[in-house]
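Data first, discussion second: the structure below is written as structure tokens.
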Amino acid sequence: MVSYKELGLVNTKEMFKKAVDGGYAIPAYNFNNLEQIQAILQACVETKSPVILQVSSGARKYANSTLLRNLAKGAVEYVKELGYEIPIVLHLDHGDTFELCKDCIDNGFSSVMIDGSHHSYEDNIKLTKKVVEYAHAHDVTVEGELGVLAGVEDDVVAEHSSYTKPEEVIDFVKRTGVDSLAISIGTSHGANKFKPEQCTKNAEGILVPPPLRFDILDEIEVKIPGFPIVLHGSSSVPQEMVKIINSNGGAIKNAVGIPEEQLRKAAKSAVCKINIDSDGRLAMTAAIRKVMAENPAEFDPRKYLGPARDALKILYMHKNDNVLGSSGKA
Ligand code: G3H
Ligand code: 13P
Ligand code: ZN
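173 is the number that the numbering used here gives to position 161 of the sequence shown; each next residue is one higher, with no gaps.
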């Protein structure tokens with residue numbers, strides 16, 4: 013058993029309270045490897061932003077959970093070395109079973125998500141409550157989810173029926189005891205968040221998606237005022253990155269994300285955690301493809317992973333400064 017407190021990490025309680033009161037959101041960035049965690053920490057130290065380091069079950073499989081945990085442990089010492097201490101949460105992203113959440117809680121995570129959104133309402137409550145009871149006994153915070161985010165592989169994206177139902181949130185929060193709630197108001201995972209036919213085209217021929225359902229967010233805030241709300245699937249899919257990828261051998265089609273000004277608006281509300289992964293993937297891929305195309309003889313991984321890390325850092329600093337509003341809050 014390794015408590016997150018021994019690792020110098022914090023849970024989300026204090027962080028979320030400050031974010032809701034201050035009208036900004038905490039960045040929740042996924043990491044799977046050394047370069048990603050370096051970029052996240054460098055960007056958050058330079059912008060003086062609190063941060064949530066997210067690990068998915070896919071990341072645990074890819075990188076090994078012991079190594080990832082120790083990277084997070086190293087994170088606390090690394091930020092001290094960088095010269096400015098920021099609060100760091102180690103969070104399980106999209107936990108799908110009690111056993112997975114328990115394993116993370118027992119091994120240094122300070123926060124877990126139990127994503128029961130694909131179960132029936134009652135089963136979601138039962139599973140979430142079970143995780144909350146175990147987590148709270150260890151002072152670990154829990155994120156639950158109500159409403160289903162369309163996956164990138166799904167046939168129908170952000171269908172009406174998958175939005176969070178505001179009439180359920182009071183009951184869900186009360187019966188589960190969750191510390192924060194992920195909701196569905198039109199965001200989705202991946203780089204193809206909307207089908208082209210759902211979008212309009214602007215003067216430059218760029219796809220413009222339909223707006224997020226702020227009316228649902230408003231209704232939820234009326235039901236549970238000040239309760240920490242989480243937005244998943246919040247990448248903006250910068251078109252300049254897609255262009256760099258595609259002009260250097262890539263083939264990413266119909267990529268469309270959530271406009272940054274809508275996320276900025278959400279961050280000023282009770283939305284206090286915004287999850288971004290795909291934009292980081294695009295930034296790294298664009299940088300790597302460019303190096304490879306321009307230097308075909310290069311084979312030192314540091315020569316392409318280094319520029320990828322730098323591009324990622326620039327992206328995250330921009331997010332903290334201009335989208336989440338978390339800069340200067342640590
Ligand atoms: O929401 C999913 C995150 O982007 C993590 O993705 O499961 O491929 O690691 P992954
Ligand atoms: P994106 O795919 O939009 O980056 O969303 C990431 C996410 O929600 C991680 O949980
Ligand atoms: Zn997610």
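Beta carbons are placed, not taken as given, at the ideal position from N, Cα and C, and that holds for glycine.
Rounded to the nearest angstrom, the Cβ distance from I257 to T297 is 6 Å, consistent with a contact under 8 Å. With distances taken between CA atoms, I49 lies nearest to A87 out of A87, G20, F121, G340.
Along the region 243-297, the beta strand (DSSP E) occurs as fully enclosed runs of 3 or more residues at 283-288, listed in sequence order. Cβ-Cβ distances below 7 Å link F239 to V185, L193, A282 in the same chain, with the five nearest sequence neighbours on each side left out; the list follows chain order. Unbroken alpha helix (DSSP H) stretches of 4 residues or longer found wholly inside the region 96-126: 110-118, given in chain order.
Assignment of A37 by DSSP, reduced to helix, strand and coil, places it in the coil class. If you check the C-beta of S281 against ligand 2, you find no heavy atom less than 7 Å away.
Between ligand 3 and the CB of D105, the shortest heavy atom gap is smaller than 7 Å. For the 8 Å CB-CB criterion, P221 and Q210 form a contact. A distance below 6 Å between beta-carbons, with the five flanking residues on each side excluded, links G269 to the following residues of its chain, in chain order: K205, S247, S248, V249. N204 has its CB no nearer than 7 Å to any heavy atom of ligand 2. According to the DSSP assignment, S132 belongs to no beta strand (DSSP E), since it is labelled neither H nor E. When rounded, the separation of the alpha-carbon atoms in P178 and Y146 is 27 Å. Ranking K280, I197, Y133 by CA distance to the CA of K30 puts K280 first. Within the chosen limit of 7 Å, ligand 2 reaches the beta carbon of I288 through at least one heavy atom. Here P208 is exposed. Its C-beta has fewer than 16 other C-beta atoms within 10 Å. In this structure, the straight-line span from the alpha carbon of M27 to that of T153 is close to 11 Å. Taking a 10 Å sphere around the C-beta of R314, we find fewer than 16 other C-beta atoms and assign the residue as exposed.
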